[in-house]
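Visitor: Next up is a structure, given as structure tokens.
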Amino acid sequence: MNPQELKSILSHGLLSFPVTDFNAQGDFHRAGYIKRLEWLAPYGASALFAAGGTGEFFSLTGDEYSEIIKTAVDTCETSVPILAGVGGPTRQAIQMAQEAERLGAKGLLLLPHYLTEASQDGVAAHVEAVCKSVKIGVVVYNRNVCRLTPTLLEQLAERCPNLIGYKDGLGDIELMVSIRRRLGDRFSYLGGLPTAEVYAAAYKALGVPVYSSAVFNFLPKMAMDFYHAIAKDDHETVGKLIDDFFLPYLDIRNRKHGYAVSIVKAGAKLAGYDAGPVRAPLTDLTSDEVDMLAALMDKQGKQ
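Under full-length UniProt numbering, the sequence shown has 127 at position 127, and the numbering climbs by one with no breaks.
What follows is the structure, given as structure tokens:
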């Protein structure tokens with residue numbers, strides 16, 4: 001799949017980030033991960049991102065990373081494209097990018113580098129180095145310490161033909177409008193704020209109709225129903241699901257930092273696809289919080 005073909009796929013439909021399965025000891029659980037991917041793939045997501053933020057990318061060792069990407073690619077080869085998360089220091093991100101390409105990933109999500117702050121030019125050089133290290137398509141994730149301006153994104157687009165996507169995790173509407181107006185159809189644009197459904201209607205109005213859904217991990221039918229309601233401007237259905245599920249869900253998620261991942265793993269377990277515990281420094285939901293989530297999920301019916 002060439003970068004332009006990937007760009008076309010990412011310009012429509014719902015995207016998602018499967019959680020990464022760990023066993024009780026916290027080690028990668030390959031069989032559970034395969035079962036999860038086989039369950040989720042038929043629900044109709046346009047693409048899945050292996051080892052992304054919801055997949056606890058930040059906690060993975062090099063050997064685990066390779067096994068996770070290979071497992072995802074092999075399992076979903078005939079059903080849905082796999083993009084691989086890459087990130088960290090520039091040389092590490094390049095190694096991961098080249099490994100993901102070797103293993104058959106159709107594209108990359110370039111996650112923000114960690115800890116150190118950097119100038120805009122330095123961040124742009126980081127993105128350019130990763131893009132030029134591979135031939136497959138790259139989506140850059142503007143979030144945290146990665147805050148690229150419209151001018152730098154335009155320069156990167158000129159220098160890196162395989163930079164085909166922009167994912168927004170900042171929620172800066174002025175910046176998003178500026179980027180969308182300046183870059184036009186050069187990129188596919190993805191909404192990437194945590195629990196993106198809450199922002200989906202607003203981002204669609206900005207010309208960003210595609211987003212990644214975390215709740216697809218445990219309520220895939222509801223997640224697809226919500227996406228189709230957004231696409232059709234079915235405001236009644238959108239409003240009902242936000243009131244009945246997403247706002248109460250946010251009340252649980254916002255109780256602790258890191259719960260954006262923890263609550264998804266709790267939901268997966270309640271759905272019958274236990275992915276094991278989250279890894280430190282994240283913490284799992286309390287039993288009371290799990291019960292609250294279970295009550296919300298029960299209202300959505302069988303998936």
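Just so you know, even glycine gets a beta-carbon here, dropped at the ideal spot from N, CA and C.
1. If you reduce the DSSP assignment to three classes, tell me which class N217 lands in.
2. Just to confirm my understanding: we take T120, look at its own chain, exclude 5 residues before and 5 after, and list those with CB closer than 8 Å. What are they?
3. Give the range of the alpha helix (DSSP H) segment to which G258 is assigned.
4. Considering only their Cβ atoms, is the gap separating L156 from E128 smaller than 8 Å?
5. Quick check: what's the CA-CA separation for S8 versus Y166?
6. Look up G85 in the DSSP assignment and say whether it is helix, strand or coil.
7. Thinking just about the alpha-carbon of each residue, which of A271, R159, L206 and L190 is nearest to the one in H178?
8. One question on the structure: do residue 305 and Y211 come within less than 8 Å of each other, judged by their Cβ atoms?
9. Evaluate H12 with the Cβ neighbour count: other Cβ atoms within 10 Å of its Cβ, from every protein chain shown; 16 or more gives buried, anything less gives exposed.
10. My understanding is that G85 touches P112, with C-beta atoms under 8 Å, so please give their C-beta distance in whole angstroms.
11. My assumption, with CB atoms under 8 Å, is that E67 sits in contact with T20. Please give the rounded CB distance.
12. Quick check on C160: does DSSP put it in helix, strand or coil?
13. Could you tell me whether the Cβ atoms of residue 307 and P18 are closer together than 8 Å?
14. Can you tell me which of the three DSSP states F28 falls into?
15. Please determine if the region 286-301 and the region 35-48 are in contact, where contact requires at least 3 C-beta pairs separated by less than 8 Å.
16. With 16 other CB atoms within 10 Å as the buried threshold, where does D168 fall?
17. Which one of D274, G301 and M292 has the shortest CA to CA distance from R36?
18. Taking only the alpha-carbon atoms, compute the straight-line gap between M292 and L183 and give it to the nearest angstrom.
19. Taking 8 Å as the cut-off, decide whether the C-beta atoms of residue 324 and A266 are in contact.
20. Where are the beta strand (DSSP E) runs, 3 residues long or more, that stay fully inside the region 112-200, in chain order?
21. Note down the Cα distance separating A223 from S213, rounded to an integer number of angstroms.
22. Could you check if Y141 is buried or exposed, using at least 16 other CB atoms within 10 Å of its CB as the buried criterion?
23. Please name the residue or residues paired with Y211 in a DSSP beta bridge.
24. Output the boundary residues of the beta strand (DSSP E) element that contains A47.
25. Does DSSP put F58 in a helix, a strand or coil?
26. Are the Cβ atoms of L193 and G171 separated by less than 8 Å?
27. Residue range of the beta strand (DSSP E) that L110 falls in?
28. Kindly give me the distance between the Cβ atoms of F216 and A268, rounded to whole angstroms, as I take these residues to be in contact under 8 Å.
29. Whose CA, out of L247, V139, L175 and Y249, lies closest to the CA of C160?
30. Considering only the beta carbon of each residue, do E101 and V134 sit closer than 8 Å?
31. Under the three-state reduction of DSSP, which class applies to L282: helix, strand or coil?
32. Rounded to a whole number of angstroms, what is the C-alpha to C-alpha distance between Q240 and D225?
33. Our contact map puts A51 next to Y65 with C-beta atoms below 8 Å; I'd like the distance itself, whole angstroms only.
Guide: Straight from the coordinates:
1. Against the sequence shown, residue 217 aligns to sequence position 217. Reduced to three states, the DSSP call for N217 is helix.
2. Position 120 of the sequence shown holds residue 120. The displayed chain sequence assigns Gln, not Thr, to residue 120. For Q120, where only same-chain residues beyond five positions count, the Cβ hits under 8 Å are R147, L148, T149 and L152.
3. In the sequence shown, the residue the question calls residue 258 occupies position 258. Looking at the DSSP string, G258 is not in any alpha helix (DSSP H), and its letter there is neither H nor E.
4. Residue 128 sits at position 128 when you count from the first residue of the sequence shown. Residue 156 sits at position 156 when you count from the first residue of the sequence shown. Against a cut-off of 8 Å, the Cβ pair of L156 and E128 comes out as a contact.
5. As a first step, residue 8 must be located in the sequence shown, where it is residue number 8. As a first step, residue 166 must be located in the sequence shown, where it is residue number 166. Taking the straight line from one Cα to the other gives about 13 Å.
6. Start at 1 with the first residue of the sequence shown, and residue 85 comes out as number 85. Residue state, collapsed to three classes: strand.
7. Here residue 178 refers to the residue found at position 178 of the sequence shown. In the sequence under discussion, the amino acid at residue 178 is Ser, which differs from the His named in the question. Nearest of A271, R159, L206 and L190 to S178, Cα basis: L206.
8. This structure leaves residue 305 out entirely; the chain is present only between 1 and 303.
9. Locating residue 12 in the sequence shown gives position 12, counting from the first residue. Looking at its Cβ environment, which holds fewer than 16 other Cβ atoms inside 10 Å, H12 is exposed.
10. In the sequence shown, counting from the first residue as 1, residue 85 sits at position 85. In the sequence shown, counting from the first residue as 1, residue 112 sits at position 112. Between P112 and G85 the Cβ distance is about 11 Å, and since that is not below 8 Å, they are no contact.
11. Residue mapping note: residue 67 aligns to position 67 of the sequence shown, counting from 1. Residue mapping note: residue 20 aligns to position 20 of the sequence shown, counting from 1. With 8 Å as the limit, E67 and T20 do not qualify as a contact, their Cβ atoms being about 10 Å apart.
12. The sequence position of residue 160 within the sequence shown is 160, counting from 1. Residue state, collapsed to three classes: coil.
13. The chain is shown only over 1 to 303; residue 307 falls outside these bounds and no answer can be derived.
14. In the sequence shown, counting from the first residue as 1, residue 28 sits at position 28. F28 falls in the strand class under three-state DSSP.
15. no
16. To locate residue 168, count along the sequence shown from 1; it is residue 168. With 16 or more Cβ atoms within 10 Å of its Cβ, D168 is classed as buried.
17. As a working note, residue 36 is residue 36 in the sequence shown. Nearest of D274, G301 and M292 to R36, Cα basis: D274.
18. Locating residue 292 in the sequence shown gives position 292, counting from the first residue. Locating residue 183 in the sequence shown gives position 183, counting from the first residue. Distance between the alpha carbons of M292 and L183: 43 Å.
19. Outside the shown range of the chain (1 to 303) lies residue 324, about which nothing can therefore be said.
20. Every beta strand (DSSP E) of 3 residues or more that sits fully in the region 112-200 is shown, in chain order, as 137-142, 163-168 and 188-191.
21. Counting from 1 along the sequence shown, the entry for residue 223 is found at position 223. Counting from 1 along the sequence shown, the entry for residue 213 is found at position 213. Those two C-alpha atoms are separated by around 7 Å.
22. For the purposes of this step, residue 141 is taken as residue 141 along the sequence shown, with counting starting at 1. By the neighbour-count rule (16 or more Cβ atoms within 10 Å), Y141 is buried.
23. Counting from one through the sequence shown, the residue named residue 211 turns up at place 211. Paired residue(s): G191.
24. Sequence index remark: in the sequence shown, residue 47 carries index 47 (1-based). Looking at the DSSP string, the run of the beta strand (DSSP E) that includes A47 is A47 to A50.
25. As a working mapping, residue 58 is identified with position 58 in the sequence shown. Of the three classes helix, strand and coil, the one that applies to F58 here is helix, per DSSP.
26. The count along the sequence shown starts at 1 and reaches residue 193 at position 193. The count along the sequence shown starts at 1 and reaches residue 171 at position 171. Yes. Within cutoff.
27. As a position in the sequence shown, residue 110 is number 110, starting the count at 1. Where L110 is concerned, the enclosing beta strand (DSSP E) stretches over G107 to L110.
28. Looking up residue 216 in the sequence shown gives position 216. Looking up residue 268 in the sequence shown gives position 268. Not quite, the Cβ-Cβ distance comes to about 10 Å (not below 8 Å), so this is no contact.
29. Against the sequence shown, residue 160 aligns to sequence position 160. Minimum Cα distance to C160 is reached at V139.
30. Locating residue 101 in the sequence shown gives position 101, where the first residue counts as 1. Locating residue 134 in the sequence shown gives position 134, where the first residue counts as 1. Contact: yes.
31. The sequence position of residue 282 within the sequence shown is 282, counting from 1. It is coil, neither helix nor strand.
32. In the sequence shown, counting from the first residue as 1, residue 240 sits at position 240. In the sequence shown, counting from the first residue as 1, residue 225 sits at position 225. A small correction: the amino acid at residue 240 is Lys; Gln does not occupy that position in the sequence shown. Their Cα atoms are separated by approximately 12 Å.
33. Numbered from 1 along the sequence shown, position 51 holds the residue referred to as residue 51. Numbered from 1 along the sequence shown, position 65 holds the residue referred to as residue 65. Their Cβ separation, rounded to whole angstroms, is 6 Å, which keeps A51 and Y65 in contact under 8 Å.
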